[in-house]
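Everything below concerns the one structure shown next.
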Amino acid sequence: MEFRIATFNANSIRSRMEIILAWLDRHRPDVLCVQETKVQDVEFPKTPFLDNGYTCAFKGEKKYNGVAILSRHPLTKVFAGLDDEPKDPARLIRADIRGLTVVTTYIPQGQDPLSDKFTYKLQWFQRLGRYFESHFAPTDRVVWMGDMNVAMEDKDVYDPAGLRGHVCFCPEVQQSMSKLVEWGWVDLFRKHCPDPGQYTFWDYRMNALRRNLGWRLDYIFATRPVAERCMACRIDKEPRMLESPSDHTFLMADLDF
DNA sequence: ATGGTCGGCAACCGA
Numbered sequence: 077m078e079f080r081i082a083t084f085n086a087n088s089i090r091s092r093m094e095i096i097l098a099w100l101d102r103h104r105p106d107v108l109c110v111q112e113t114k115v116q117d118v119e120f121p122k123t124p125f126l127d128n129g130y131t132c133a134f135k136g137e138k139k140y141n142g143v144a145i146l147s148r149h150p151l152t153k154v155f156a157g158l159d160d161e162p163k164d165p166a167r168l169i170r171a172d173i174r175g176l177t178v179v180t181t182y183i184p185q186g187q188d189p190l191s192d193k194f195t196y197k198l199q200w201f202q203r204l205g206r207y208f209e210s211h212f213a214p215t216d217r218v219v220w221m222g223d224m225n226v227a228m229e230d231k232d233v234y235d236p237a238g239l240r241g242h243v244c245f246c247p248e249v250q251q252s253m254s255k256l257v258e259w260g261w262v263d264l265f266r267k268h269c270p271d272p273g274q275y276t277f278w279d280y281r282m283n284a285l286r287r288n289l290g291w292r293l294d295y296i297f298a299t300r301p302v303a304e305r306c307m308a309c310r311i312d313k314e315p316r317m318l319e320s321p322s323d324h325t326f327l328m329a330d331l332d333f
């Protein structure tokens with residue numbers, strides 16, 4: 077039985093409602109994870125999702141961050157935030173859905189390599205590693221998806237030489253991410269699509285989408301038992317992006333359960 | 001060449 081999962085950095089869920097609802101209607105995923113919802117829980121726009129058959133789990137704050145899981149199936153064991161302090165609850169949420177554990181993260185961007193925010197980003201990777209170790213085993217059925225704010229390889233950015241040293245494309249961050257991946261994650265998009273130049277993010281500021289100056293910052297990872305059951309993974313450029321701009325695309329995977 | 005544009009939300013910050 078097909079089980080479709082997807083992820084999307086919305087950069088404000090309220091300003092992307094039309095795009096998200098149209099996309100849900102077109103692809104009918106079982107699960108859609110959303111990052112950068114930028115909305116407090118009391119203001120989360122759950123009614124349109126419920127009306128379209130999607131139950132929601134979300135954890136947000138005013139102005140910044142915020143994550144959500146939309147699902148056509150009941151959600152159980154919903155937990156937000158890392159376990160240790162500072163909890164930073166609005167960057168991680170997880171839930172169990174039909175025997176699958178779904179985790180979504182919005183990893184800190186890091187701003188500048190010399191900033192405190194960059195230190196915080198590196199610490200966040202370590203804390204996330206401890207989170208995985210304490211809650212899951214690589215033999216469990218788990219998926220981890222979201223905006224990781226890392227491009228892992230040269231082929232994941234439009235200009236590797238020019239971008240080297242950027243907070244999303246530097247050795248410290250790539251090594252931190254590699255350590256997490258080594259725990260037992262399979263990058264589903266790379267498993268199915270090895271070609272270079274396939275991106276999920278384009279900077280607003282450079283007409284980057286039109287010029288395809290992109291980055292692959294969004295990922296769907298799965299533990300091996302799930303990855304073995306992944307039939308396809310693809311980036312989906314919602315056509316409405318071109319009329320109502322957004323800077324990330326949807327990324328989706330089809331599992332066979 | 002050394003910029004630019006979004007979103008939140010009311011002056012800038014974050015990306």
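Here my numbering = 1-based position in the first sequence + 76.
Note that beta-carbon positions come from the ideal geometry of N, C-alpha and C, so glycine has one too.
Once DSSP output is grouped into helix, strand and coil, what is the label at residue i?
i, result
"I183", "coil"
"I296", "strand"
"A171", "strand"
"D164", "coil"
"D127", "helix"
"K138", "coil"
"K153", "strand"
"V115", "coil"
"D271", "coil"
"L198", "helix"
"D192", "helix"
"L176", "strand"
"I95", "helix"
"L158", "coil"
In the DSSP output, what is residue i paired with across the bridge?
i, result
"F84", "V110"
"L331", "F79 and C306"
"A133", "I145"
"W278", "G290"
"F326", "D312"
"L100", "According to DSSP, L100 bridges with nothing at all."
If you follow the alpha helix (DSSP H) that residue i is part of, which residue opens it and which one closes it?
i, result
"L146", "No alpha helix (DSSP H) contains L146, which is instead part of the beta strand (DSSP E) from V143 to S147."
"A303", "R300 to A303"
"V257", "P247 to E258"
Between the beta-carbon of residue i and the beta-carbon of residue j, is there less than 9 Å?
i, j, result
"E338", "N141", "Only positions 77 to 333 of the chain appear in the structure, and residue 338 is not among them; the question remains open."
"Y234", "N288", "yes"
"A227", "W291", "yes"
"S147", "V115", "no"
"A329", "F265", "yes"
"V110", "I95", "no"
"V178", "T299", "no"
"K231", "P272", "yes"
"A144", "K153", "no"
"Y295", "T83", "yes"
"R310", "C269", "yes"
"V107", "F79", "yes"
"F297", "K255", "no"
"T276", "T325", "yes"
"C244", "L198", "no"
Looking at the unbroken beta strand (DSSP E) that takes in residue i, where does it start and where does it end?
i, result
"D263", "W261 to D263"
Are there any heavy atoms of the ligand SAM lying less than 8 Å away from the beta-carbon of residue i, as far as the coordinates show?
i, result
"Q199", "Looking for the ligand SAM in the displayed structure turns up nothing, as the structure carries no ligands at all."
Q | Every unbroken beta strand (DSSP E) within the stretch 201–241, with a cutoff of 3 residues, ordered by chain | A | 218–223
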